[in-house]
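Here the structure comes first, spelled out in structure tokens, and everything after it is commentary.
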Amino acid sequence: MIHPNDPLNTAGAESNGADASGAEQSRTSLPAYPSYPTSLTSQDPHSPVPAVRMHGLTKDFSGHVAVNNLTLDIPRGSFYGFVGPNGAGKTTAITMATGLLEPTSGNAWIAGHPMWGDASPSDVYAAKQSYGLLADGLPVFDRLTAAEYLQYMGALRKLPQEDISQRSSELLAALDLTGTGKKKIVDFSAGMTKKILLAGALVHSPQVLLLDEPFEAVDPVSAQVIKEILKQFVAVGGTVVISSHVMELVEGLCSHVAIIAQGQVRAAGTLDEVRGGIPLVDRFVELVGARHLQEGSLQWLRGEPQ
Numbered sequence: 001m002i003h004p005n006d007p008l009n010t011a012g013a014e015s016n017g018a019d020a021s022g023a024e025q026s027r028t029s030l031p032a033y034p035s036y037p038t039s040l041t042s043q044d045p046h047s048p049v050p051a052v053r054m055h056g057l058t059k060d061f062s063g064h065v066a067v068n069n070l071t072l073d074i075p076r077g078s079f080y081g082f083v084g085p086n087g088a089g090k091t092t093a094i095t096m097a098t099g100l101l102e103p104t105s106g107n108a109w110i111a112g113h114p115m116w117g118d119a120s121p122s123d124v125y126a127a128k129q130s131y132g133l134l135a136d137g138l139p140v141f142d143r144l145t146a147a148e149y150l151q152y153m154g155a156l157r158k159l160p161q162e163d164i165s166q167r168s169s170e171l172l173a174a175l176d177l178t179g180t181g182k183k184k185i186v187d188f189s190a191g192m193t194k195k196i197l198l199a200g201a202l203v204h205s206p207q208v209l210l211l212d213e214p215f216e217a218v219d220p221v222s223a224q225v226i227k228e229i230l231k232q233f234v235a236v237g238g239t240v241v242i243s244s245h246v247m248e249l250v251e252g253l254c255s256h257v258a259i260i261a262q263g264q265v266r267a268a269g270t271l272d273e274v275r276g277g278i279p280l281v282d283r284f285v286e287l288v289g290a291r292h293l294q295e296g297s298l299q300w301l302r303g304e305p306q
């Protein structure tokens, strides 16, 4: 669902009917959180304003609670791992925080700008200008070439044409997509598609990057380049949030981590704080719970009589 206050939303509030009325009631009763002075919504990595703040986020899908009162602050200038098993609520939380899915209750802030509650259209616009997003399920303009896609994304962010051309050229070269020429995205491999979507999230030089499984289906050489790009982005004050269930990847890249299970935060802090002196995967299993094969199951795989 597109944010109802998004200036780019052309559907209009009328199209939501009774759902919009109910959502409005929920938004008026959201918990309050302090507003931030404009001077604090800068790209200063030492700013006390979190890059991303999620407060009491809940999403109930007709009785199935995917995210349950999730509260988390992601510091500016951090490389933050958002980890959990499949179905933990990671993607749902990110889509709510970025204004793409309306929460049942709760609110989110990007670079100090509110996304829900009584957020004005200018608040939502400022929040969305502050981030770049790579997530499954987003519409892909796959009838465009790589260069056309970046041209479109840059124009959408109102970048000067000179900047669009320069940044597009550099991103395509860095991600080994220059040679795609007139080939349309619909004909790209899964890994190539992931790379052009990442380039689109980067082209406007956002303050915050939110990336859902950014290395999935990406070849090892390209993955190494992406890691270098993300590390450079953080080194100059940007914030990266990656959602993943690959503990080794998060442990090798991230300065901070939150472990999510059943729609709730089980642990959050610096990597060392969360690990507590043991490997992250062991802490993860400890907090999320291990699963073991039932005794006697799958005997046929071992050639044993059932």
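Residue numbers (UniProt numbering): 1 to 306. Even glycine gets a Cβ: it sits at the ideal position worked out from N, Cα and C.
Is it buried or exposed, residue i, if we count other Cβ atoms within 10 angstroms and call 16 or more buried?
i	result
Gly-106	buried
Pro-31	Annotation note: pLDDT 35 at Pro-31 (below 50); position unreliable, no value reported.
Gln-299	exposed
His-256	buried
Ala-290	exposed
Ala-201	buried
Ala-147	buried
Lys-128	buried
From the DSSP output, which residues share a beta bridge with residue i?
i	result
Trp-109	Arg-53 and Pro-114
Gly-132	Leu-209
Thr-193	Answer is none; Thr-193 lacks a bridge partner.
Lys-59	Val-67
His-256	Tyr-80 and Thr-270
Ala-261	Gln-264
Judging by CA-CA distance, which residue of the options is the nearest neighbour of residue i?
i	options	result
Ser-169	Ala-199, Leu-159 and Lys-158	Ala-199
Val-225	Tyr-152, Ala-127, Leu-177 and Trp-300	Leu-177
Glu-273	Ser-122, Ala-93, Glu-251 and Phe-188	Glu-251
Ala-51	Pro-139, Ala-146 and Gly-132	Gly-132
Val-65	Pro-48, Gln-294, Gln-262 and Thr-180	Gln-262
Val-140	Ala-126, Gln-161 and Phe-188	Phe-188
residue 307	Val-67, Gly-77 and Ile-74	The chain is shown only over 1 to 306; residue 307 falls outside these bounds and no answer can be derived.
Lys-158	Glu-213, Tyr-125, Asn-69 and Ala-267	Tyr-125
Ala-258	Val-288, Gly-238 and Ile-229	Val-288
Span of the beta strand (DSSP E) holding residue i?
i	result
Thr-270	264-270
Val-241	239-244
For residue i, report the span of its alpha helix (DSSP H) as first-last.
i	result
Val-281	280-288
Thr-180	Segment: none, Thr-180 is in no alpha helix (DSSP H) and carries neither H nor E.
Ala-88	It is not in any alpha helix (DSSP H) - Ala-88 carries neither H nor E in the DSSP assignment.
Ser-222	220-235
Leu-172	161-174
residue 310	Here the chain has residues from 1 to 306 only, and residue 310 is not among them.
> If we count Cβ pairs, one from each stretch, closer than 8 Å, do we get three or more for the region 184-196 versus the region 106-117?
Replying inline: no
> Below 8 Å, can you find three or more Cβ-Cβ pairs linking the region 227-247 to the region 81-88?
Replying inline: yes
> Counting Cβ pairs closer than 8 Å, one from the region 51-71 and one from the region 97-105, do we hit at least three?
Replying inline: yes
> Given 8 Å as the limit, is there contact between the region 156-174 and the region 85-104, that is, 3 or more CB pairs closer than that?
Replying inline: no
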